[in-house]
Amino acid sequence: MEFEETNYAEMEPEYDMEFANYGPNAIEFPMSPPRTPPLGIIPPLYQRELSPFSEATSMTSVDSADSVGYYREEGGRMFPSMPDMPVVLPVDHAEMRRVSGQYNLIKLVLSEQYSGEINELLNPPYEASIRVLDVICNTPWIDDMAVEYPHVKFTGCNFVPTRHPHNPNIQIEVYNLDDGLRGKDQSYDMIHAIGCFKFTRDFKSWLREMKRLLKPGGILLIIDLEMAVWVRDGSDPWQTIPMLTKYAERVIKSLHAQGIDTSSMPLVGSWLREMGGFAEVDDTVTCIPVGDWETDELQKEIGVMARDNVMAALFSTHPLWRRAGTTQEEMDRIATAAQAELYDLNAELFQRIFCVFARKEEQPFTGTF
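Heads up, the sequence shown stops at 1461 in the working numbering, and the numbers go up one at a time, no gaps.
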């Protein structure tokens, strides 16, 4: 598949906070991201009625007894059995543990980013039916939010069942998302999508669907962690961390061969602006350390979590290597060398988290008082 030539330098996200020179470009780096406060410290002002679920009947809610046919085995890992779906990352228990750890990492870094706007939207000063959609609902985000906002109805959608709805205000729907995100126009107050850019060949079409589903004034929050590791001093990764870089290149090439261009991940904010219909589009890039080389205790904790996530992701991508003809012995050798690079105390490595916050335009009032 050929991709259009794009000048990515002209479409980089805006960096609207303090800067630090990490690598070749100046990228936002939060020196002390706050922790998420424990739930229940601030009691709700009043109790609300539970918002209704969607009335659509074309979606499938699946329990554990019906989920077997959704999976197939490849390279010792479980993947969605849906025809023509790209082979990206597994959907087995090991991968869900990694995804949960990655969610905790992102939560620690971005816990307060846009929290005020989201809380205001989900807790309006009047009675309202509030609905939220979580696209590719692999992470515990939907569970955490369902506890924090018990009056809000949360719907998760995915290609395969990967989570159980443990709260009464959660509904999980399983269908082919590439056929369109199902739901009525303007039916959701908020749409959340974390780590899902690489699961579709046409993320722009998902953005159009998200815009369609959002109510006027609704919030769209998209977060993704780049599938690459960089060196803080800007040196060539092929010279400093050749095996980690080889891993990332192999995954990126494998996804590209399946029609997924991960280099477009930083362009989501620009695509939304070009699409129009949003009163606000704010995209930021946050760098996080990989490893325990930082002196600040919180940054060191973040770095250790990021390092564990990278190591787990290396094993999750082994089926992509097998597809390219790599033997198990060669994969083991490369994984051992990559692990040594990750745990090299002299290597100051970092990753980038892309975050896009958008608010749909309000509809002008045309009635009379």
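Backbone N, C-alpha and C define an ideal beta-carbon position, used for all residues, glycine too.
With respect to the 9 angstroms criterion, Ala1429 and Phe1407 are not classified as neighbours on the basis of their beta carbons. Cβ-Cβ distances below 6 angstroms link Glu1454 to Pro1308 and Gly1309 in the same chain, with the five nearest sequence neighbours on each side left out; the list follows chain order. Annotation note: the segment 1340 to 1420 contains the following uninterrupted alpha helix (DSSP H) runs of length 4 or greater, listed N- to C-terminal: 1360 to 1367, 1389 to 1408 and 1410 to 1415.
Counting C-beta pairs with one atom in each stretch, the segment 1433 to 1449 and the segment 1374 to 1383 have three or more that are closer than 8 angstroms, which means they touch. Here His1256 is exposed. Its C-beta has fewer than 16 other C-beta atoms within 10 Å. A check of alpha carbon separations from Tyr1218 across Val1239, Leu1313, Ser1203 and His1243 identifies His1243 as the nearest. Residue environment analysis places Ser1362 among the buried positions, since at least 16 neighbouring C-beta atoms fall within 10 angstroms of its C-beta. For Lys1290 against Ile1352, the beta-carbon gap comes to about 6 angstroms, under 8 angstroms, which counts as contact.
Ala1285 carries a strand assignment under DSSP once its states are collapsed to helix, strand and coil. By the neighbour-count definition (other C-beta atoms within 10 Å, threshold 16), Pro1329 is a buried residue.
In the DSSP assignment, the residues bridged to Lys1245 are Arg1223.
Contact between the segment 1267 to 1287 and the segment 1340 to 1351 is absent: fewer than 3 CB-CB pairs across the two stretches fall below 8 angstroms. Between the segment 1184 to 1195 and the segment 1203 to 1214 there are fewer than three C-beta pairs closer than 8 angstroms, too few to call the two in contact. If you look at Gln1194, you'll find it in the alpha helix (DSSP H) that goes His1185 to Leu1202. Within the same chain, Cβ atoms closer than 8 angstroms to the Cβ of Leu1202 are found at Pro1125, Ile1315, Thr1378, Ile1445 and Cys1447, the five residues on either side in sequence being excluded. In the three-state reduction of the DSSP assignment, Ala1238 falls in the helix class. Taking all protein chains in view, the Cβ of Leu1434 is crowded by 16 or more other Cβ atoms within 10 Å, so the residue is classified as buried. In this structure, Leu1269 sits near Ile1228, with a CB-CB distance shorter than 9 angstroms. Take Arg1293, set aside five residues on each side of it, and the residues of its chain with a beta-carbon closer than 8 angstroms to its own are Pro1178, Asp1270, Gln1350, Gly1351 and Ile1352, in chain order. As for any alpha helix (DSSP H) of minimum length 4 sitting wholly inside the segment 1292 to 1337, the runs are 1295 to 1305 and 1329 to 1332, ordered along the chain. Of the candidates Ser1279, Met1357, Asp1384 and Lys1452, the residue whose Cα lies closest to the Cα of Asp1436 is Asp1384. The C-beta distance from Glu1341 to Ala1450 rounds to 31 angstroms, too long to fall under 8 angstroms, and the pair is not in contact. By the beta-carbon neighbour count (other beta carbons within 10 angstroms, threshold 16), His1410 is buried.
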